[in-house]
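J.:
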Amino acid sequence: MPPPKNKVAYLLQRMAQGVYAHDRENPTHHTWGIGMAHFDIERLGLEEGEEILPGIVLQADGGGTGQFRILCDADHDQEAVEEEEEVIDAVSSEPVHVTPPRIEPPL
Ligand SMILES: [Zn+2]
Numbered sequence: 032m033p034p035p036k037n038k039v040a041y042l043l044q045r046m047a048q049g050v051y052a053h054d055r056e057n058p059t060h061h062t063w064g065i066g067m068a069h070f071d072i073e074r075l076g077l078e079e080g081e082e083i084l085p086g087i088v089l090q091a092d093g094g095g096t097g098q099f100r101i102l103c104d105a106d107h108d109q110e111a112v113e114e115e116e117e118v119i120d121a122v123s124s125e126p127v128h129v130t131p132p133r134i135e136p137p138l
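At position 75 of the sequence shown the residue is numbered 106 (the working numbering), and the sequence of numbers has no breaks.
What follows is the structure, encoded as structure tokens:
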């Protein structure tokens with residue numbers, strides 16, 4: 032069954048809002064992508080690597096499903112990340128914001 036078009040439209044809207052909120056809070060950051068689980072990309076009929084918003088590329092980031100993550104070129108300390116948790120889940124569950132993939136053990 033193809034994904035409902037309105038769901039993708041809603042997702043794009045939430046992504047645009049998430050990017051906007053992020054960039055407003057972090058004007059010195061450069062947002063370059065949206066991270067989603069590969070599973071979500073597939074089930075939404077999207078394509079990894081596609082420019083999903085102007086200047087924003089969709090990345091399979093290995094993160095949780097039901098969420099998307101704003102990918103920027105800067106580090107976020109814990110405080111900043113928490114402030115940005117209003118970034119809404121597009122697909123179904125919890126909102127998350129993370130910086131680009133970093134392999135580091137949690138503190
Ligand atoms: Zn950022």
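Glycine included, every Cβ here is placed at the ideal spot set by N, Cα and C.
1) Taking DSSP as the reference, what is the three-state secondary structure of A105?
2) Which stretch, first to last residue, makes up the alpha helix (DSSP H) that contains Q48?
3) Hey, how far is the Cα of G49 from the Cα of L43?
4) Please say whether R100 and D92 have beta carbons closer to each other than 8 Å?
5) DSSP state of E73, grouped into three classes?
T.: The short version:
1) coil
2) Residues K36 to E56.
3) 10 Å
4) Contact check for D92 against R100 passes: the beta carbons are separated by less than 8 Å.
5) helix
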